[in-house]
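Asks: Pasting a structure below so you can have a look.
In the numbering used here, the protein residues as written are 1 to 290.
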């Protein structure tokens, strides 16, 4: 049985086919490909965007969606993850989309249920559909992405979005440069920089990451203002350069990306959201549409 736990679960050929379908799904028309199928979304960690994106994707394909908000549910009543999995499985769903604050949970669940698991984000480990929609957005803009350079900027060490993108974009032929203060950089063989200005003249894409206040026990940066001075993607920093700007959302305005860049046509942040629904439709169809 196929799951999507991390980006390596799909080959580049599979991803190419997935993207062809996603492009068709951009027409936003309802379809009955998943008629009579049931998709359960179970989010142990709050998420408005990813969850609603998956739910719209499933509904647009004609599936029934059952959304479990577990931050308010059984896990807080002491039920173990395995009991939750067994109970979900007993309902006979066709797919389960799961997000959890602990890395590895989707992988564990996949061993306990009889349907495909889609990882909607686990801890700081992986967020495969985000990386897929990011690559789709980049390909849609550039066509050929081979040799394009992308700077991933921000709290890379704690970011599942960065992890998944480093794997997928590297495999797709992009050169990934990590830009962050030293304490936000993971151990890596990739090129790194502590200064965004150093790489501005060579990159084609900037991916700004969300300032993850909730994943730090202690604020390492004295203030977000200091961080913004060094790493915020501003219209001044961008100048006239032909660079596209991505962000997984929600955007911390004037810390991650400034107001002017949010409105700038070079910002593809809302395209990412639109593309995200189409890509998730293609993922659900691939896993259960037969």
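Even glycine gets a Cβ: it sits at the ideal position worked out from N, Cα and C.
1. Going by CA-CA distance only, name the one from 43, 157 and 35 that's closest to residue 101.
2. Which of the three DSSP states, helix, strand or coil, is assigned to residue 281?
3. What would DSSP say about residue 67, mapped onto helix, strand or coil?
4. Tell me whether the beta-carbon of residue 255 lies closer than 8 Å to the beta-carbon of residue 129.
5. Would DSSP call residue 95 helix, strand or coil?
6. For a test of the three-state rule: what should DSSP assign to residue 193, helix, strand or coil?
7. Please report how far the alpha carbon of residue 249 lies from the alpha carbon of residue 229, in whole angstroms.
8. DSSP state of residue 175, grouped into three classes?
9. To which residues of the same chain is residue 68 closer than 6 Å at the C-beta, ignoring the five residues directly before and after it?
10. When you compare only the Cα positions, how much space is there between residue 217 and residue 47?
11. Looking only at C-alpha atoms, which of 23, 61, 22 and 11 sits nearest to residue 33?
12. Select from 29, 163 and 37 the residue whose C-alpha is nearest the C-alpha of residue 94.
13. In terms of residues, what are the limits of the alpha helix (DSSP H) holding residue 138?
14. Using DSSP's beta-bridge definition, name the partner residues of residue 117.
Replies: From the atom records:
1. 43
2. helix
3. strand
4. no
5. strand
6. strand
7. 20 Å
8. strand
9. 42
10. Here the model assigns residue 217 a pLDDT of 47, short of 50, so the residue's position is not dependable and the matter cannot be decided.
11. 61
12. 37
13. 128-142
14. 96
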